[in-house]
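Working notes, structure below.
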Amino acid sequence: MALLKMEEWYDLARETNWTPSYVSQDELYPAPMSNNFDIPLEKWEAFDEPYKSTYRDYVGAQRDKDVGAYSVKAALARAEFFKNASPHWKALLALHFSAVCWAEFHSASAFARMTRFCQSPGMRNMATFGTLDEIRHGQIQIYFAYEFLKHDSVFDWCHKSSKTENWIIISLRHALDDIAHTRDATSAAIMLNMGLELAFTNLQFVALSADAAKCGDHSFATMLQSIQTDEARHAQIGEPIVRIMVENGKKKEAQQLVEISFWRMWKQFSALSGIGMDYYTPLEHRENSLKDFMEEWVIGQFGRTVEALGLDLPWYWDILKKDICSFHHANQIGVYAYRATEWWRPIAGTSPAEREWLEEKYPGWNETYGKCWDVISENIRNGDYEKTVPAPPPLICNMCGLEVVGTAGNEWNAVNHHVDIDDRRYHFCSEPCKWIFEIEPERYKGHKSIIDRVFDGTIGPEPDDFYNYMGQSESERGTDGYNYRWVDGYDEDEDAEKKYATG
Amino acid sequence: MADFPLAINLQGDYGYKVIVVDDQNTIEEVINTCVDQIAGVFVAPFPEKTVLRARIHGADEPLDNKLKVLDANFIQMEALQVYVEQAQ
Amino acid sequence: MSDQENYQKVCEVDDVWEGEMDVFDVGESEVLIVHSPGGEIRAYSPICPHQDHPLVEGELENCVLTCSAHLWQFDAISGKGINPTGTSLTSYPSKVEDDCIWVVLPES
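Residue numbers (our numbering), protein chains in the order written: chain B, 1 to 503; chain C, 504 to 591; chain X, 592 to 699.
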């Protein structure tokens, strides 16, 4: 007996639903977990995902993907790519894997909530695959990173980081908790799919994959590409939900959800991908800058998607266009200077040739951020290494958890936004971060940034208290990935690896 | 005499630093503490006769150098800028 | 202006074997030539309508073109979306003449 083709039975299977009789629809889908936004069920049931998949297809396709990715990894295992990689690439890998592994795995919980509590069976079906996808993404990345553990114990942080109070982890965890883990299924679907996945994952997974291939890291490149093929399928839950909301008089609500989540994730990706692309990717393999990618894929492509769905471009779009040229540059200075507060070995990425590239991609870089690096470089040339480590801590944004920064050097411009509640000053790096806070102050006001915790006595006064609070024993505090041997260019000789290997 | 944290952006620096002063310090002393900690680290040392002033972020006028922190009605982690009033 | 004047040469038929696809430069543009099993030859814009990924990096099998980025599938002969439906590749008028493949490209 021949099997039916998918299109012959798909709609029937997808729309098969349960009409509750023992409990009410509202009891089955309570508002805090589900939120129908007062749109009738039959409108939600019009949900139609463009890219269709059956469980049978899913299992087959995913197995093929895993076989592909794992076989590339196995074939390249003997190449010992990691052992011979530059401190640039090692920093990038350490940052990617230790930030992303648990974030993916936690997303499975958000998708599981959608699987149970989304309004229509079509959504719940797609979310089932999404849940499995995110479990896959967490597992495949932690498995790939595991290979590096024998070379560098920093990869312990792939598993450990989410359980620490490291300032960068606080920042990322707060953002993901806000958009995915403390929202009803409908809101989480919009925020996670639109604000994170559709808007930004191409940056970290497609652009980075291309750079990885250029650097010769084919195992990493294949893994990233393989992960991204899943993204389109499960990220498409968000778009039809937005359409349904717009068509049923809930455009304002959908608009706000997209605007909050997009900005929260922009801040995270400006740090992760911005520093990754513009500083950690080896210069000879860089083509596009963060600004180039953001302009094409996010401001361009994602902007068009938002408008095609019937939403407006976010109100802060002009602010974003300026932010892509500035925020990550300023934060990179801090990430380098406060390197002991990171668990990997940060690099400066500002050797003379790299500064030329930065100037080309961001005209004016040398007169602004370059001026801070001039001082840092001069201290290193003079052997005054302790002067490259600042005494006072930086001000941290009470929304995104990253530094409150402005323009440096000859075009110095201090930026600060704040609100005062109950005699407490809350600082923000930008208008949108402040705007998000002011939408629901009760939701956000109890959270303390790492700096708040220093000054309210949560963290003890000694330096060791600070690092121990952040989960960093002495050997887990970052040092310059090149041992300061970068100011006038990088060593090309064979012993360079040995010189950089020790802290 | 009590510790008082202030968020200060020194001219040329890329962002704010949280600098702990004593609430009996004058604004002039605050400026000097800021310069001690940040000049030569993120910002080039200022020429000898540089006059630096402090102002609350967003204000047009500088703070009086003799004003004490305790009397300034600052909130903890008030945002200040320390800037060059006149170059040498 | 007759069609004949608008056709530009892309490549020779032997440059793209049956069951394969490849991308060629025509002036300042790129053209994807798809030679389906069974012999039909088509010319398309080389980028996927989903997120502009190069289609040539994908897979052509049984007259189905699958984009490598997110596995969107298109009918290689009509260009229409199979999964998802409601989308299609941008096709260019093409012909085979004198053992060469010719296309008409859009003005812009």
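Beta carbons: idealized from backbone N, C-alpha and C, even for Gly. Predicted model only: the values in this text are computed from it and were never measured.
Just the chain C side, please: which residues come within less than 7 angstroms of residue i by C-beta, in chain order?
| i | result |
| --- | --- |
| valine 246 (chain B) | Those do not exist, as valine 246 (chain B) stays about 38 angstroms from chain C at its closest Cβ, beyond 7 angstroms. |
| histidine 418 (chain B) | Ala582 |
| proline 392 (chain B) | Lys520, Val521, Ile522, Gln540 |
Please state whether DSSP places residue i in a helix, a strand or coil.
| i | result |
| --- | --- |
| glutamine 591 (chain C) | At glutamine 591 (chain C), the pLDDT of 49 sits below 50, so the modelled position is not reliable and the matter cannot be decided from this model. |
| threonine 479 (chain B) | coil |
| cysteine 372 (chain B) | helix |
| arginine 345 (chain B) | coil |
| leucine 313 (chain B) | coil |
| phenylalanine 82 (chain B) | helix |
| glutamine 599 (chain X) | strand |
| leucine 696 (chain X) | coil |
| glutamate 440 (chain B) | coil |
| tyrosine 469 (chain B) | helix |
| threonine 305 (chain B) | helix |
| threonine 407 (chain B) | strand |
| lysine 267 (chain B) | helix |
| threonine 553 (chain C) | coil |
| asparagine 674 (chain X) | strand |
| valine 687 (chain X) | strand |
Determine the burial state of residue i: buried for a count of at least 16 other Cβ atoms within 10 Å of its Cβ, exposed for fewer.
| i | result |
| --- | --- |
| serine 636 (chain X) | buried |
| asparagine 35 (chain B) | buried |
| arginine 14 (chain B) | buried |
| arginine 63 (chain B) | exposed |
| threonine 350 (chain B) | buried |
| arginine 264 (chain B) | buried |
| histidine 234 (chain B) | buried |
| proline 548 (chain C) | exposed |
| asparagine 166 (chain B) | buried |
| aspartate 605 (chain X) | exposed |
| leucine 3 (chain B) | exposed |
Can you give me the Cβ contacts of residue i inside the same chain, cut-off strictly under 7 angstroms, excluding the 5 residues immediately before and after it?
| i | result |
| --- | --- |
| methionine 294 (chain B) | Ile324 |
| alanine 221 (chain B) | Ser209, Ala212, Ala213 |
| glycine 370 (chain B) | Arg355, Gly409 |
| histidine 560 (chain C) | Ala582, Leu583, Gln584 |
| asparagine 202 (chain B) | Trp297 |
| isoleucine 541 (chain C) | Leu513, Asp516, Lys520 |
| glutamate 603 (chain X) | Asp690, Cys691 |
| valine 72 (chain B) | His218, Ser219, Thr222 |
Tell me which same chain residues have a C-beta within less than 6 angstroms of the C-beta of residue i, skipping the five on either side of it?
| i | result |
| --- | --- |
| glycine 610 (chain X) | Pro628 |
| arginine 506 (chain B) | Residue numbering for chain B in the displayed model covers 1 to 503; residue 506 (chain B) lies beyond these limits and cannot be assessed. |
| tyrosine 58 (chain B) | Phe129 |
| asparagine 674 (chain X) | Gln664 |
| glutamate 476 (chain B) | Trp343 |
| phenylalanine 615 (chain X) | Val601, Cys602, Val622 |
Can you name, in chain order, every residue of its own chain whose Cβ lies under 8 angstroms from the Cβ of residue i, other than the five neighbours on each side?
| i | result |
| --- | --- |
| alanine 188 (chain B) | Ala110, Arg113, Met114, Ile179, Ala180, His181 |
| histidine 418 (chain B) | Arg425, Tyr426, His427, Phe428, Lys434 |
| phenylalanine 269 (chain B) | Phe200, Leu203, Gln204 |
| glutamate 650 (chain X) | Leu656, Thr657, Ser659 |
Which residues in chain B sit within 7 angstroms of residue i, going by Cβ to Cβ distance?
| i | result |
| --- | --- |
| glutamate 588 (chain C) | Within chain B, no residue comes near glutamate 588 (chain C); the closest Cβ sits about 14 angstroms away, beyond 7 angstroms. |
| alanine 667 (chain X) | Within chain B, no residue comes near alanine 667 (chain X); the closest Cβ sits about 18 angstroms away, beyond 7 angstroms. |
| asparagine 674 (chain X) | Tyr51, Lys52 |
Check the Cβ of residue i against every Cβ in chain C and list those closer than 8 angstroms, keeping chain order.
| i | result |
| --- | --- |
| isoleucine 275 (chain B) | Under the 8 angstroms cutoff, chain C gives no residues; its nearest Cβ is about 14 angstroms from isoleucine 275 (chain B). |
| alanine 348 (chain B) | Simply none; closest approach about 13 angstroms. |
In chain B, which residues lie with their C-beta within 8 angstroms of the C-beta of residue i?
| i | result |
| --- | --- |
| threonine 677 (chain X) | First, the amino acid is wrong: residue 677 (chain X) is glycine here, not threonine. Within 8 angstroms Cβ-Cβ: Pro50. |
| leucine 646 (chain X) | Per Cβ cutoff of 8 angstroms: no residues; leucine 646 (chain X) is ~15 angstroms from chain B at best. |
| lysine 516 (chain C) | First, the amino acid is wrong: residue 516 (chain C) is aspartate here, not lysine. Those are Cys372, Ala408, Trp412, listed as they occur along chain B. |
| phenylalanine 545 (chain C) | Ile333, Ala337, Cys372, Val375, Ile376, Pro390, Ala408 |
List the residues of chain X whose Cβ lies closer than 8 angstroms to the Cβ of residue i, in chain order.
| i | result |
| --- | --- |
| asparagine 202 (chain B) | Gln642 |
| threonine 222 (chain B) | Here the premise fails: no neighbours, minimum Cβ distance about 11 angstroms. |
| glutamate 231 (chain B) | His661 |
| glutamine 301 (chain B) | Gln642, Asp643 |
What in chain C is Cβ-close to residue i, meaning under 9 angstroms?
| i | result |
| --- | --- |
| arginine 425 (chain B) | Ala510, Ile578, Gln579, Met580, Glu581, Ala582 |
Strictly below 9 angstroms CB to CB, what residues from chain X border residue i?
| i | result |
| --- | --- |
| glutamine 228 (chain B) | Ala660, His661 |
Quick test of the definition: if touching needs 3 or more C-beta pairs under 8 angstroms, does the stretch 329-341 of chain B touch the stretch 466-485 of chain B?
Segment contact: the stretch 329-341 of chain B against the stretch 466-485 of chain B, three or more CB-CB distances shorter than 8 angstroms; contact assigned.
Pair every Cβ in the stretch 419-433 of chain B with every Cβ in the stretch 292-312 of chain B, then say whether three or more of these pairs are closer than 8 angstroms.
no
May I ask you to verify whether the stretch 92-101 of chain B touches the stretch 154-171 of chain B, counting CB pairs closer than 8 angstroms and requiring at least 3?
Result yes; three or more Cβ-Cβ pairs closer than 8 angstroms.
Would the stretch 79-96 of chain B count as touching the stretch 16-29 of chain B if we require 3 or more Cβ pairs under 8 angstroms?
no
Validate contact between the stretch 232-246 of chain B and the stretch 137-149 of chain B using beta carbons, cut 8 angstroms, 3 pairs
no
When the Cβ atoms of the stretch 527-534 of chain C are set against those of the stretch 563-573 of chain C, are three or more pairs found closer than 8 angstroms?
Contact annotation: the stretch 527-534 of chain C touches the stretch 563-573 of chain C, with at least three C-beta pairs closer than 8 angstroms.
With a threshold of 8 angstroms, are at least 3 pairs of Cβ atoms found where one atom belongs to the stretch 513-521 of chain C and the other to the stretch 400-416 of chain B?
yes
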